[in-house]
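Take a look at the structure below.
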Amino acid sequence: MLESRPASLHAHLEELNFSIVAQKRALASSERERIQVLGQLNRYYDPLTRLPPEITAEIFTHCLHTSDDVCNRMTTAPILFLRVCRSWNKLARKIPALWSSLSIIRYRQASLDRYSHHVCCWIDRARARPLSLTFVGSAGEEIGAI
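Numbering of the sequence shown is given in UniProt numbering, commencing with residue 1 and proceeding in unit increments.
And the structure:
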């Protein structure tokens, strides 16, 4: 009798594991579908998605800060546009005028290598537009990393 007990427990454990995996898959599927429905609702209610992209691009460019003391923070345009929703993200990435000015402010002695990927993405998004680059902080010989 003792010999069959561990075997039946293992079998039950296997059934539970299978059930958990199936439920996780169902949950992931429901989450993906939920995101799609939210996107559809957003497109329905968001007036910017109903405007021609050229008009929205013009609105976005008017949201850029023109003062020199504002750097490219997560809470300012154009970075902010990437964080609102998927449609704004896609559109903002395609508007070179949003990416024609970049400020890098180095507050601490962090390696400049961490900036190189972001700078490359920024330059790619600016495309052929002239780029204004501002660097604040000590660079030393690391400036070549950027």
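No residue lacks a Cβ here, since even glycine has one placed at the ideal position from N, Cα and C.
| Query | Result |
| --- | --- |
| Can you give me the Cβ contacts of L64 inside the same chain, cut-off strictly under 6 Å, excluding the 5 residues immediately before and after it? | A77 |
| Only counting the same chain, and skipping five residues up and downstream in sequence, which positions put a Cβ closer than 6 Å to that of N89? | L82 |
| Which partner residues does L102 have in the DSSP bridge list? | L133 |
| Distance check for F60 and residue 148, CA to CA, integer angstroms please. | Any property of residue 148 remains undetermined from this structure, which presents the chain solely from 1 to 146. |
| What first and last residue would you give for the alpha helix (DSSP H) that runs through H65? | Neither: H65 is in no alpha helix (DSSP H) and is coded neither H nor E. |
| Drop a sphere of 10 angstroms on the beta-carbon of S100, count the other beta-carbons inside from all chains shown, and report buried for 16 or more, exposed for fewer. | buried |
| Helix, strand or coil for P78? Go by DSSP, reduced to three states. | coil |
| Pick helix, strand or coil for P52, following the three-state DSSP scheme. | coil |
| Provide the residue span of the alpha helix (DSSP H) that contains A126, from first to last. | 113-126 |
| Spatial neighbours of residue 149 within its chain, please: CB distance less than 6 Å, with the 5 preceding and 5 following residues excluded, ordered by chain position. | Residue 149 lies beyond the range of the chain shown here (1 to 146); nothing can be said about it. |
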